[in-house]
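Just so it is clear: in the sequence shown, position 46 is 109 by this note's numbering, and no numbers are missing.
Don't be surprised by glycine CBs; every beta carbon is placed ideally from N, CA and C.
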Amino acid sequence: MNVAISKNEYKTLLEMLEIAGWVLSAHKTEDDPRTKKFRDMEQKFFALGEGMGVADFFEYDPDTKAYMPTVIYDETIDVFDYIDEYDDDTFWDELGDRLAYRDLVRQVGEDAFENMDPSERFSKIEEIRSAYFEEFLENGLERIVMQNR
Numbered sequence: 064m065n066v067a068i069s070k071n072e073y074k075t076l077l078e079m080l081e082i083a084g085w086v087l088s089a090h091k092t093e094d095d096p097r098t099k100k101f102r103d104m105e106q107k108f109f110a111l112g113e114g115m116g117v118a119d120f121f122e123y124d125p126d127t128k129a130y131m132p133t134v135i136y137d138e139t140i141d142v143f144d145y146i147d148e149y150d151d152d153t154f155w156d157e158l159g160d161r162l163a164y165r166d167l168v169r170q171v172g173e174d175a176f177e178n179m180d181p182s183e184r185f186s187k188i189e190e191i192r193s194a195y196f197e198e199f200l201e202n203g204l205e206r207i208v209m210q211n212r
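Structure below.
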């Protein structure tokens, strides 16, 4: 299959690959074997750089047999505004969700929580979660503290 794309579309594709790569591996210290297929696909698209008029985006490393992004790539393909926005939204959502879950389990006990009707459990978690989100909107982390350290 051949797909014709412009230089700008190629750059957009590289941005998408950068975001995907961040999600898959930024939190890892070693390559995850499950993501090899994604890294292989990324390499295929990196190899097209010269033909797409951005040869200065990548350097081929014969030792690793891989294309490596250059400083020019890093300066051009900047997706961290998207990633930061996602991280910020996800942080508050996850914090509220986890605290609400924890608080409900503490209120009713683990057995009662597990045996609770799913719609009732959802409703109670949502009520607690809403209170946390209200707090976060008004005060951020200012009043979140550890007790009994």
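With 16 other Cβ atoms within 10 Å as the buried cut-off, status of residue i
{"i": "residue 97", "result": "exposed"}
{"i": "residue 112", "result": "buried"}
{"i": "residue 159", "result": "buried"}
{"i": "residue 192", "result": "buried"}
{"i": "residue 208", "result": "exposed"}
{"i": "residue 188", "result": "buried"}
{"i": "residue 117", "result": "buried"}
Proximity of residue i and residue j at Cβ, strictly below 8 Å
{"i": "residue 140", "j": "residue 87", "result": "no"}
{"i": "residue 176", "j": "residue 167", "result": "yes"}
{"i": "residue 101", "j": "residue 130", "result": "no"}
Cβ distance (whole Å) where residue i is taken to contact residue j below 8 Å
{"i": "residue 132", "j": "residue 143", "result": "Their Cβ separation, rounded to whole angstroms, is 14 Å, which puts residue 132 and residue 143 out of contact at 8 Å."}
{"i": "residue 145", "j": "residue 82", "result": "6 Å"}
{"i": "residue 199", "j": "residue 155", "result": "6 Å"}
{"i": "residue 73", "j": "residue 115", "result": "4 Å"}
Ignoring anything shorter than 4 residues or poking outside the segment 83-140, list the alpha helix (DSSP H) runs there in chain order. 99-110 and 134-139
Taking only runs of the alpha helix (DSSP H) that begin and end inside the segment 126-206, which ones reach a length of at least 4 residues, in chain order? Given a length threshold of 4 residues, each whole run of the alpha helix (DSSP H) inside the segment 126-206 is given here in chain order: 134-139, 143-171, 173-178 and 181-202.
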